[in-house]
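Participant: Protein chains in written order, with UniProt numbering: chain A, 1 to 270; chain B, 1 to 270. Virtual Cβ for every residue (Gly too), placed ideally from N, Cα, C. Since the structure is predicted, the reported quantities are computational estimates derived from the model, not experimental observations.
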């Protein structure tokens, strides 16, 4: 694959990479930034998202050959020296492996649910506003073969730069959609035949004793407040037993435990 | 509890809080920084570490009454306005709840192992150099009632400021000790009658099918390279089954799954 050497930070071809951290805050008008070789591998192999360009630190080009072979053939690959990369990004980019992807139009929840297999496992998130947690939950969803992640409107964007990075690219692989409200999410999942389990410290059944049906949605809420009581009342509840005196589990850790338990990965799903 | 109002960032009584981020790098000569109400609650109730002082943003004092009641009675509580706090810390401290604790002398591994109950669960870490992972693993260890965390010398410090914060104070509660080498760790645990399971993607038994004896040590290695092959050869191995095409699990997430499975918390340990 040919690459284009860029010598001027003001070159219009790399302006999508300008002021990376500031743009995290104001948004990118339908684009996202993918960082690092593992994430680019996922971006290129999952093929859920169009790729606009790749930008590499010049000394990284040699090690990226196999990754670039996976990229769509027409994607421009820009290569720049450290000073140019730092100047355009607005901070020191010591790793220097970047791509710009294009977001998809929001997928209607019913379309996504309608596309899922007869036996399905989905993650339902309510109020997950922390990008580290969002990324970590996507990573667990991918690791345990969840078919989709469904969000309520108070969740943060899974395609935020840090969420993608923490997800190790899983946010570019696992399909997701946003419901109009958390209540709408419950209604749509019920209409599509899903059992719905809310993870809650006061859940009725311990996770290891819970059994799933063909279609299962697992709900996770924010760490501090958890899922809203009115929502929990409409769902079956599952708890993760913890030691007395320290009943505090990170929501991503809770998702790892529950997804592992209910996953068919390894052929021993419950 | 009486508090002392501090008006001068150069006041010698608060110099342990000076240049917080720079001191993270050079070390604190036997001290550590605890941040946030939940962490201070744990510092004061676990009582594993001596407390030198507390420093609060003045508008946080009112909400800290119940926490301060848990503190040792002779601990000085300093209160400062935002400008003084920011000036001494060297950056904007918008939360403003801090304490300085004193590290304990390193506990010999045999002493710690000798103090554990007949039925015991410990976490053994080899090469965990990331403070987020260290903190998250301690949080999981506390949540699932692990009796100790054992480190090899290539692990980072669990009392590093960020590790304590991510652990939500668990690093101040769960006893830990450092072995001279990873091989020494294996030998000492064997001498104390521990079964030793290494978590590895190529483990012989899937986690949910593994059964423990009275004393169990669970080994976790770095995310990239995992546990050294020579070490794995000396241990029983356990895997966490993952989906094809995304066999990537964060080490803290792996610890959550394994600790939950082997924990007696909830009265249903395996």
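Have a look at the DSSP bridge pairing and note the partners of residue 178 (chain B).
Facilitator: B:151, per the DSSP bridge assignment.
Participant: Which one of B:168, B:6, B:182 has the shortest CA to CA distance from residue 248 (chain A)?
Facilitator: Selected option, being the one with the closest Cα: B:168.
Participant: For residue 123 (chain B), which three-state DSSP category applies?
Facilitator: The answer is strand: DSSP assigns residue 123 (chain B) an E or B state.
Participant: If residue 121 (chain B) sits next to residue 255 (chain B), beta carbons under 8 Å apart, how far is it from one beta carbon to the other, in whole angstroms?
Facilitator: Not quite, the Cβ-Cβ distance comes to about 12 Å (not below 8 Å), so this is no contact.
Participant: What do you reckon, are the CB atoms on residue 131 (chain A) and residue 89 (chain A) nearer than 8 Å?
Facilitator: No, Cβ-Cβ distance for residue 131 (chain A) and residue 89 (chain A) is not below 8 Å.
Participant: In the stretch 165–199 of chain B, which residues sit with their C-beta less than 8 Å from some C-beta in chain A, listed in chain order?
Facilitator: The residues in question are 168, 170, 173.
Participant: Closer than 7 Å by C-beta to residue 159 (chain B): which residues in its own chain qualify, once you throw out the five before and the five after it? Chain order, please.
Facilitator: Result list for residue 159 (chain B): 32, 103, 171, in chain order.
Participant: Whose Cβ in chain B lies nearer than 7 Å to the Cβ of residue 242 (chain A)?
Facilitator: By Cβ distance, chain B contributes 143, 144, 265.
Participant: Within 10 angstroms of its Cβ, does residue 91 (chain B) collect 16 or more other Cβ (buried), or is it exposed?
Facilitator: Under this definition residue 91 (chain B) is an exposed residue.
Participant: Which of the residues in the stretch 10–28 of chain A, read from start to end, lie with their CB under 9 Å from any CB of chain B?
Facilitator: Going along the stretch 10–28 of chain A in chain order, one finds no residue with a Cβ nearer than 9 Å to chain B.
Participant: Under the three-state reduction of DSSP, which class applies to residue 214 (chain A): helix, strand or coil?
Facilitator: Residue state, collapsed to three classes: coil.
Participant: Determine the burial state of residue 21 (chain A): buried for a count of at least 16 other Cβ atoms within 10 Å of its Cβ, exposed for fewer.
Facilitator: Its Cβ having fewer than 16 others within 10 Å, residue 21 (chain A) is exposed.
Participant: Whole angstroms are fine: how far does the CA of residue 110 (chain A) sit from the CA of residue 275 (chain B)?
Facilitator: Any question about residue 275 (chain B) goes unanswered here, given that chain B covers just 1 to 270.
Participant: Could you name the residues of chain A that residue 260 (chain B) contacts, counting a contact when the two beta carbons are closer than 7 Å?
Facilitator: Neighbours of residue 260 (chain B) on chain A, chain order: 240, 257.
Participant: In chain order, what residues of the same chain lie with their CB nearer than 8 Å to the CB of residue 239 (chain A), ignoring the 5 residues before and after it?
Facilitator: Cβ within range, chain order: 199, 200, 201, 202, 203, 204, 205, 206, 207.
Participant: Is there contact here, the stretch 140–148 of chain B with the stretch 228–247 of chain A, by at least three beta-carbon pairs under 8 Å?
Facilitator: With a cut-off of 8 Å, the stretch 228–247 of chain A and the stretch 140–148 of chain B count as touching, because enough Cβ pairs lie within range.
Participant: Can you tell me the Cα-Cα spacing of residue 49 (chain B) and residue 232 (chain B), whole angstroms?
Facilitator: In a straight line, the C-alpha of residue 49 (chain B) is about 34 Å away from that of residue 232 (chain B).
Participant: For residue 178 (chain A), count neighbouring Cβ atoms within 10 angstroms of its own Cβ and tell me buried if that reaches 16, exposed if not.
Facilitator: By the 10 Å Cβ count, residue 178 (chain A) comes out buried.
Participant: Check this for me: beta carbons of residue 10 (chain B) and residue 53 (chain B), under 8 Å apart or not?
Facilitator: Contact: no.
Participant: Assuming residue 57 (chain B) contacts residue 80 (chain B) under a Cβ cut-off of 8 Å, what Cβ separation, rounded to an integer in Å, is found between them?
Facilitator: Indeed, because the Cβ distance is near 7 Å, the residues count as touching under 8 Å.
Participant: Hey, how far is the Cα of residue 150 (chain A) from the Cα of residue 12 (chain B)?
Facilitator: One C-alpha to the other measures close to 53 Å.
Participant: Can you tell which of B:183, B:96, B:43, B:36 has its C-alpha closest to the C-alpha of residue 175 (chain B)?
Facilitator: Closest option to residue 175 (chain B), Cα to Cα, is B:43.
Participant: Please report the Cβ distance between residue 119 (chain B) and residue 215 (chain B), rounded to the nearest whole angstrom; I am assuming they are in contact, meaning their Cβ atoms lie under 8 Å.
Facilitator: That pair is a contact at about 7 Å.
Participant: With a Cβ-Cβ cutoff of 8 Å, do residue 196 (chain A) and residue 236 (chain A) count as a contact?
Facilitator: Closer than 8 Å, so yes.
Participant: Skipping 5 residues on each side, what residues in its chain have a beta carbon closer than 6 Å to that of residue 83 (chain B)?
Facilitator: Correct list: empty, nothing qualifies.
Participant: In chain order, which continuous runs of the beta strand (DSSP E) of length 3 or greater are located wholly inside the stretch 190–263 of chain B?
Facilitator: Fully enclosed beta strand (DSSP E) runs of 3 or longer: 195–199, 215–220, 236–239.
Participant: For chain B, is any of its Cβ atoms less than 8 Å away from the one on residue 253 (chain A)?
Facilitator: It does; some Cβ of chain B falls within 8 Å.
Participant: Would you verify that the beta carbon of residue 136 (chain A) is, or is not, closer than 8 Å to some beta carbon of chain B?
Facilitator: Judged by the 8 Å Cβ criterion, residue 136 (chain A) is in contact with chain B.
Participant: How about residue 125 (chain A) and residue 157 (chain A): are their beta carbons less than 8 Å apart?
Facilitator: It is not a contact, given that the beta carbons lie outside the stated cut-off.
Participant: Span of the alpha helix (DSSP H) holding residue 128 (chain A)?
Facilitator: No alpha helix (DSSP H) contains residue 128 (chain A), which DSSP labels as neither H nor E.
Participant: Just to make sure I have the definition right: I need the residues of chain A whose C-beta is within less than 8 Å of the C-beta of residue 249 (chain B). Which are they?
Facilitator: Near residue 249 (chain B) (Cβ distances below 8 Å), the residues of chain A are 139, 140, 143, 256.
Participant: Hey, could you find the ends of the beta strand (DSSP E) residue 50 (chain A) is sitting in?
Facilitator: Element bounds for residue 50 (chain A): 50–57.
Participant: Would residue 220 (chain B) pass as an interface residue toward chain A - the criterion being a Cβ-Cβ separation below 8 Å?
Facilitator: For residue 220 (chain B), the answer is no, since every Cβ of chain A falls outside 8 Å of its Cβ.
Participant: Between A:134, A:165, A:70, A:183, which has its C-alpha nearest residue 222 (chain A)'s C-alpha?
Facilitator: Of A:134, A:165, A:70, A:183, the residue nearest in Cα terms is A:134.
Participant: Residue ranges of each beta strand (DSSP E) run of no fewer than 3 residues wholly in the stretch 50–103 of chain A, ordered along the chain?
Facilitator: Counting only runs of 3 or more, we get 50–57, 77–80, 97–102.
Participant: In the structure shown, what three-state DSSP assignment does residue 5 (chain A) receive?
Facilitator: Residue state, collapsed to three classes: strand.
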